[in-house]
Amino acid sequence: MPAETKESATTELQLLADEKARDLVQLFKLLADETRLRILYFLMQREELNVRTLCELLDQSQPAVSHHLALLRVAGIIECRRDGKHNFYHLVPKRFQTYLDLMFAVAPGQTRKLRVEDSLLTYARETRPAAT
Numbered sequence: 001m002p003a004e005t006k007e008s009a010t011t012e013l014q015l016l017a018d019e020k021a022r023d024l025v026q027l028f029k030l031l032a033d034e035t036r037l038r039i040l041y042f043l044m045q046r047e048e049l050n051v052r053t054l055c056e057l058l059d060q061s062q063p064a065v066s067h068h069l070a071l072l073r074v075a076g077i078i079e080c081r082r083d084g085k086h087n088f089y090h091l092v093p094k095r096f097q098t099y100l101d102l103m104f105a106v107a108p109g110q111t112r113k114l115r116v117e118d119s120l121l122t123y124a125r126e127t128r129p130a131a132t
């Protein structure tokens with residue numbers, strides 16, 4: 001491969017890596033807040049929750065909870081369904097999948113593992129049969 005082409009490919013890979021890093025930084029900043037983490041935890045436990053229930057679970061005011069929900073919604077992590085006067089929120093699993101794919105993006109043939117001290121996190125996507 002000519003040096004010029006190799007340099008161009010390296011630059012493209014670096015730009016891609018930088019873009020992935022920026023996306024992950026935004027995710028981690030979003031999740032660095034205890035209230036937002038608790039909202040996600042509660043939404044993982046139940047299919048969907050309305051704002052009033054989240055306010056009670058979090059022991060926070062409606063404006064405060066709505067602010068955190070808006071940030072999560074803009075990031076695409078949760079979605080809202082309106083039913084009359086109530087907004088019901090639920091997780092967007094595909095968005096989580098996208099972030100996990102970004103975190104564990106590796107070159108073909110490499111394992112998707114992350115070691116932190118005595119812990120080893122392995123990431124494997126479940127393959128499902130195609131719908132017929």
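So in the UniProt record's numbering, the last spot in the sequence shown is 132, and the numbers never skip. Ideal Cβ positions, reconstructed from N, Cα and C, are used throughout, including at glycine.
With H, G and I counted as helix, E and B as strand and the rest as coil, what does DSSP make of residue i?
{"i": "threonine 127", "result": "coil"}
{"i": "lysine 113", "result": "strand"}
{"i": "isoleucine 77", "result": "coil"}
{"i": "phenylalanine 28", "result": "helix"}
{"i": "arginine 83", "result": "The sequence given here places aspartate at residue 83; arginine does not occur at that position. Aspartate 83: strand per DSSP, three-state reduction."}
{"i": "serine 119", "result": "strand"}
{"i": "phenylalanine 104", "result": "coil"}
{"i": "glutamate 48", "result": "coil"}
{"i": "residue 147", "result": "In the structure displayed, the chain extends from 1 to 132; residue 147 sits before or after that span and is not available."}
Do residue i and residue j have their C-beta atoms closer together than 9 Å?
{"i": "isoleucine 39", "j": "leucine 27", "result": "no"}
{"i": "leucine 69", "j": "tyrosine 89", "result": "yes"}
{"i": "leucine 43", "j": "leucine 91", "result": "yes"}
{"i": "arginine 36", "j": "leucine 30", "result": "yes"}
{"i": "glycine 76", "j": "arginine 46", "result": "no"}
{"i": "leucine 24", "j": "tyrosine 123", "result": "no"}
{"i": "glutamine 97", "j": "arginine 125", "result": "yes"}
Following the continuous beta strand (DSSP E) through residue i, name the residue where it begins and the one where it ends.
{"i": "phenylalanine 88", "result": "86 to 91"}
Could you please give the first and the last residue of the uninterrupted alpha helix (DSSP H) stretch that includes residue i?
{"i": "glutamate 56", "result": "51 to 58"}
{"i": "glutamate 34", "result": "34 to 45"}
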